[in-house]
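A.B. asks: I have a structure here, written as structure tokens, and I will follow up with some questions on it.
Structure below.
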């Protein structure tokens, strides 16, 4: 075969993959901006509802993290995998939880997303993010209120760490372990004291927390 013919064949073989990368870029951009119509168009053209962007984040995770509920609803209709995880173990539900996106959290739970799992949980993430409605929803659906995260903290401690009194109050309503100690001997109360958070200190003391 002549060298020129080889070059032409190589160029033609490159076109589909190049076009595919352009389509993926369009899909990722549409997810990022919350353009559900464009997302649907790209999926209709053959792109995968489980397409993965940077750092192993699926487009469902991306939409959940950014709070684009219409995109999440569309992806769930297209059978996107709700339990797919990043290399760090994050799921779409965890990303919705830390962002405080209540509607998306409800949709993912309805689609079968797991609440309790080893390591970090959606409740840990929601407590750290501070949205009391998401915290309350996860607890109502059976989240383990006393699960210990890899850093040694419970959800109550994570809420106290960031000074989220409303989230802490939602957890306190479920009678959690008030005396759990972190790796340095810290408790939810000591974390609140370290912040100088009078409201949270009072909440914890009324619930029975002692140092």
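Residue numbers (this note's numbering): 2 to 212. Quick reminder that beta carbons are idealized off the backbone N, C-alpha and C, glycines included. Model, not experiment: these values are computed from the prediction.
Check this for me: beta carbons of residue 71 and residue 60, under 8 Å apart or not?
C.D. replies: In this structure, residue 60 does not lie closer than 8 Å to residue 71 by Cβ.
A.B. asks: Do you know whose CA, among 62, 88, 67, lies nearest residue 94's CA?
C.D. replies: Of the listed residues, the one whose Cα sits closest to residue 94 is 62.
A.B. asks: Please go through the same chain and pick out, in chain order, the residues whose beta-carbon is closer than 7 Å to the beta-carbon of residue 194, but skip the five residues on each side of it.
C.D. replies: Same-chain partners within the cutoff: 202.
A.B. asks: How about residue 153 and residue 113: do their beta carbons lie closer than 8 Å?
C.D. replies: No.
A.B. asks: In the DSSP assignment, what residue or residues form a beta bridge with residue 53?
C.D. replies: Answer by DSSP bridge pairing, in chain order: 59.
A.B. asks: Use the C-beta contact count for residue 80: other C-beta atoms within 10 angstroms, 16 or more gives buried, fewer gives exposed.
C.D. replies: Residue 80 comes out exposed.
A.B. asks: Have a look at residue 209 and residue 34 and give me their C-alpha separation to the nearest angstrom.
C.D. replies: Those two C-alpha atoms are separated by around 46 Å.
A.B. asks: What residue range does the alpha helix (DSSP H) around residue 103 cover?
C.D. replies: Run containing residue 103: 103-111, per the alpha helix (DSSP H) assignment.
A.B. asks: Is the distance from the Cβ of residue 199 to the Cβ of residue 168 below 8 Å?
C.D. replies: Result no, Cβ atoms of residue 199 and residue 168 do not sit closer than 8 Å.
A.B. asks: Just how far apart, CA to CA, sit residue 68 and residue 99?
C.D. replies: If I take the Cα positions, the gap works out to 11 Å.
A.B. asks: Please return the same chain residues whose Cβ sits closer than 8 Å to the Cβ of residue 41, not counting the five positions on each side in sequence.
C.D. replies: Only 75 meet the Cβ criterion.
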